[in-house]
């Protein structure tokens, strides 16, 4: 595993701790402590072919906001970005995701969670939304999008077209959070952006059909105030 | 002051009295002698003096005495007088008439002054009532202007400070009513700053045509009034105007002092709340910090003596306590946020989903085995802020886990009542003493104390936040301790009907069971 990871974080303790933990896992680390440093490294790397595979980005940097870097980055490259921030306002999370962040983690977080999110982001790297995670398997549920086939414990589950579309949208981003907006726009259409109640009702239907206990879901996870996340593929 | 129409009727009445008097004298002429007729003249002139101005009366008296001499004193048709007694009679008549006149004038002056004082007192009393009844005197500026104009019969401009006197003249700092030129504004500022009357008849700046009256209050002025083209002799009116101004000045000053007092008190109260809160927060933080510190130092200093399992256990303890600090921090942040602006972002949410997310988080802490969730099937959607309701439930569950025996279950029930959602969190703990039940929802209360007096570290800010969240949703949070033991927190959230188009969606597509 020879992934190049850029860590932009101004707090020295956290930077060192994360660096050591990630080095242990076999990642190659480049660290930056400020926005300008981060911008310089990303500009340099995109020019010099020594590409970055993943960026871990803190928002509150001493010389500006990490959002600037994200916006700058998204003008040209699709390198996955995971935001790590102490800001936990849902509006902010949604904005970052819509701006092109692949995921976010609110400080404080455990290293296990960070590693899991990083694995997901790296797997999605370079894969556009329309292509092609078409198979999914977890907790006794297997989904084959190409064949329009959903099975639970080997038995076929019948889904309505809308339920299937919703599930398919989540499968394509398996392991990543998809905002309410994105789901409504992709499944129902742009004019349904404020119809979140559709989403709730269909999600309840899907859970009833796919989860063992819909009040304790293990597949279709809720990100309160932000969106939904299909648990990562096994 | 008499109105013109009143004056006219007084002249008519006075003329009529004289006319009747003369008519009577001509009628009685020949029947009575001239000295008796003279008595009639005295009576007539006394009566007429009551209603006619003194100058007119004086002229009339002199003319009538001469006319009486002409018509009734022999030799008639001349001003000459035959007898000495007639001359004496005419002289006495003149003197008596003059004395009556003087008395009348003095009396009438007194009456007029009394009437004016009464009306002034009446105006002041009404004005004082207006100011007393008003909660904010500065809302009556226009009334003050009108009143001054009405009393002085002049054009009036007002200048009232919005706050304290600024160091430099600054029109932003005053309310101005009525027109005032540059010089007049300077004079208004001067009058306000020095708390002095200026202009005609005041002894200062006598060359001004106008008079400036400060709105006085306790040794300083809160503004000034400009009375244009005021006459120097209207001293009593000026005194009256000044009294009206002073009443306003005092009222405004009282109002400001009152506001100041309230602000000071509120500030002190806020300070107290904040200090208590900070003390409570620091206290709550110290316990997890103590655990973290001892576990971490144990890992650091006793590394060789610890086996793998102990190692893991200590690390786990640090993780758990850090998680607890995190929850506490989120609570405090959320409380501050809701306190600052009571805005919540509501949306249609599924209760099942909110609880599902909660269970997932407890699973991370290996506590999910103690949770028993009963969720009524087919619940309608809930109009709420999912993050806040999630946080509320997390606090209630955290509390329940902490206050009940280590392996006792905690029950979460979600049901639909006739017109509200009911979220109930119950535990098998020792329950809550009756006297604590209201207090535990206050921001810096810390539950009951153990037998040896040390407080059981409790919700601290947590339950206060829960109640704030419930209220922000138009709901209620209460606690009850059933007879069989433990405590049961109930959250009631109002039910709202879904938007219309959902039913259409259901009918048309037939997708929703």
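Residue numbers (the numbering used here), protein chains in the order written: chain C, 12 to 245; chain W, 1207 to 1719. Every residue gets a Cβ at the ideal spot worked out from N, C-alpha and C, and that includes glycine. Model, not experiment: these values are computed from the prediction.
Bounds of the alpha helix (DSSP H) holding residue 1276(W) are 1260 to 1278. If you compare the alpha carbons of 1629(W), 1625(W) and 1684(W) with that of residue 1703(W), the shortest gap goes to 1625(W). Taking the C-beta atoms as reference points, residue 1360(W) is found no nearer than 8 Å to residue 1401(W).
A straight-line Cα-Cα distance of about 26 Å links residue 1231(W) and residue 1311(W).
Think of a sphere of 7 Å around the beta carbon of residue 236(C): the chain W residues whose beta carbon falls inside it are 1592 and 1593, in chain order. The beta carbon of residue 1249(W) sits closer than 8 Å to those of 1227, all from its chain and outside the five residues before and after it, given in chain order. Close to residue 226(C), with beta-carbon spacing below 8 Å, are these residues of chain W in chain order: 1558, 1561, 1562, 1565, 1579 and 1581. Chain W has no Cβ within less than 8 Å of the Cβ of residue 159(C). As for any alpha helix (DSSP H) of minimum length 4 sitting wholly inside the segment 1489 to 1571 of chain W, the runs are 1514 to 1546 and 1557 to 1570, ordered along the chain. Within the segment 1544 to 1558 of chain W, the residues whose Cβ lies closer than 8 Å to any Cβ of chain C are, in chain order, 1551, 1553, 1554, 1555, 1556 and 1558. Note on residue 1303(W): 16 or more other CB atoms within 10 angstroms of its CB, so buried under the neighbour-count rule. Fewer than three pairs of CB atoms, one per stretch, sit closer than 8 Å, so the segment 143 to 158 of chain C makes no contact with the segment 1213 to 1227 of chain W.
Sixteen is the threshold: since fewer than 16 other Cβ atoms of the shown chains lie within 10 Å of the Cβ of residue 1265(W), the residue is exposed. Listed in chain order, the non-local C-beta contacts of residue 1502(W) below 7 Å within the same chain comprise 1524, local neighbours out to five positions each way being set aside. Here residue 1600(W) has 1533, 1564 and 1567 as same chain residues with Cβ atoms under 8 Å from its own Cβ, once five neighbours each way along the sequence are excluded. Close partners of residue 211(C) in chain W (Cβ separation under 8 Å): 1554, 1555, 1556, 1559 and 1587. At a Cβ-Cβ threshold of 8 Å, residue 1418(W) and residue 1394(W) count as neighbours.
Following the DSSP letters along the chain, one finds residue 115(C) inside the beta strand (DSSP E) bounded by residues 114 to 117. Contact between the segment 1593 to 1610 of chain W and the segment 1692 to 1701 of chain W is present, with at least three C-beta pairs closer than 8 Å.
Annotation: the continuous alpha helix (DSSP H) that includes residue 130(C) extends over 122 to 135. Burial state of residue 1276(W) is exposed, judged by a 10 Å Cβ sphere holding fewer than 16 other Cβ atoms. Checking the DSSP bridge columns, you'll see residue 1238(W) partnered with 1235(W). Legend: CB atoms of the segment 13 to 39 of chain C lying less than 9 Å from CB atoms of chain W are not found in any residue. Residue 232(C) belongs to the set of residues whose beta carbon lies under 8 Å from a beta carbon in chain W. Counting along the chain, residue 175(C) sits inside the alpha helix (DSSP H) bounded by residues 172 to 183.
Secondary structure note for residue 1596(W): its alpha helix (DSSP H) is the uninterrupted segment 1592 to 1609. Judged by DSSP in its simplified three-state form, residue 17(C) adopts strand.
Residue range 1616 to 1622 is occupied by the beta strand (DSSP E) that includes residue 1618(W), with no alpha helix (DSSP H) assigned at that position. Boundaries for residue 1582(W): no beta strand (DSSP E) harbours it, and the DSSP string shows neither H nor E there.
For residue 1323(W), the secondary structure class from DSSP, reduced to helix, strand or coil, is helix. Using a C-beta cut-off of 8 Å, the segment 1550 to 1565 of chain W makes contact with the segment 1585 to 1593 of chain W, since at least three inter-stretch Cβ pairs fall below that distance. Judged by DSSP in its simplified three-state form, residue 222(C) adopts coil rather than helix or strand. Within chain C, 235 have C-beta atoms less than 8 Å from the C-beta of residue 1596(W), given in sequence order.
The segment 91 to 105 of chain C and the segment 230 to 238 of chain C touch, with no fewer than 3 CB-CB distances between them shorter than 8 Å.
Of all residues in the segment 43 to 55 of chain C, none comes within less than 8 Å of chain W when Cβ atoms are compared.
For the segment 189 to 221 of chain C, the continuous alpha helix (DSSP H) assignments of 4+ residues that do not extend past its boundaries occur at 191 to 194 and 207 to 221, in sequence order.
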